[in-house]
Amino acid sequence: MPTAARVIAALCLAVLAWIVSEQIKELFEEDKPFGNFNLINLVLAFVVGWQVIGSRAGRGMAAAINNGLTGGIMLFLWVSLAHASIEMFERSMRNRYDGAFEALAAMFQLMAENAVLVATPLILGTLVVGSALSGFAAEFTAKRAS
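Numbering (the working numbering), first residue to last: 226 to 371.
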């Protein structure tokens, strides 16, 4: 059921995803094509904010921090999985893998490589602070709307 806290959590995490996506783009060469990178991250962040942070709002400020951080971690994992899956699919269409299990193993390897690549203090700090603030915003909204 839609609530104000869910909407605020989803919007806050979506804005955070857009900011972090732009920070990640700065790590690569200028000519690297990103395609729908920001849009994919934005949609996943909206869903994670709605489901993870927004559904748990209204339990107090300590829980708000935990909810926000949980949402940030879930966002990082889902985005990593989505982009590794896309890359694995593109590689498999070029017959880079001998079988499905090799492709699946490569997907998890891509997730790990991407996680190490983007694990810079600026990006992690932005993600941690932004997700905690998203939790606070959802909590504040839940208290005001009730």
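Even glycine gets a Cβ: it sits at the ideal position worked out from N, Cα and C.
Going by the CB atoms, is the gap between residue j and residue i shorter than 7 Å?
i	j	result
A235	A370	no
I311	A363	no
I265	A307	yes
A309	L269	no
A344	A282	no
V273	M299	yes
S305	A328	no
N261	W243	no
W275	R231	yes
Just the C-alpha distance for residue i and residue j, rounded to the nearest angstrom, thanks.
i	j	result
A357	I290	5 Å
L347	V353	10 Å
P227	A287	23 Å
T351	V245	7 Å
W303	L342	16 Å
G360	G285	10 Å
R321	F365	49 Å
V240	E247	11 Å
R319	F326	16 Å
Which residue wins for smallest C-alpha separation from residue i, given the options the options?
i	options	result
L330	L342, N320 and M313	The identity of residue 330 in the sequence shown is Ala, whereas the question assumes Leu. Of the listed residues, the one whose Cα sits closest to A330 is M313.
Within the chosen definition, does the segment 247–257 reach the segment 288–303 through at least 3 CB pairs nearer than 8 Å?
no
Complete runs of the alpha helix (DSSP H) confined to the segment 243–287 [at least 4 residues]
262–273
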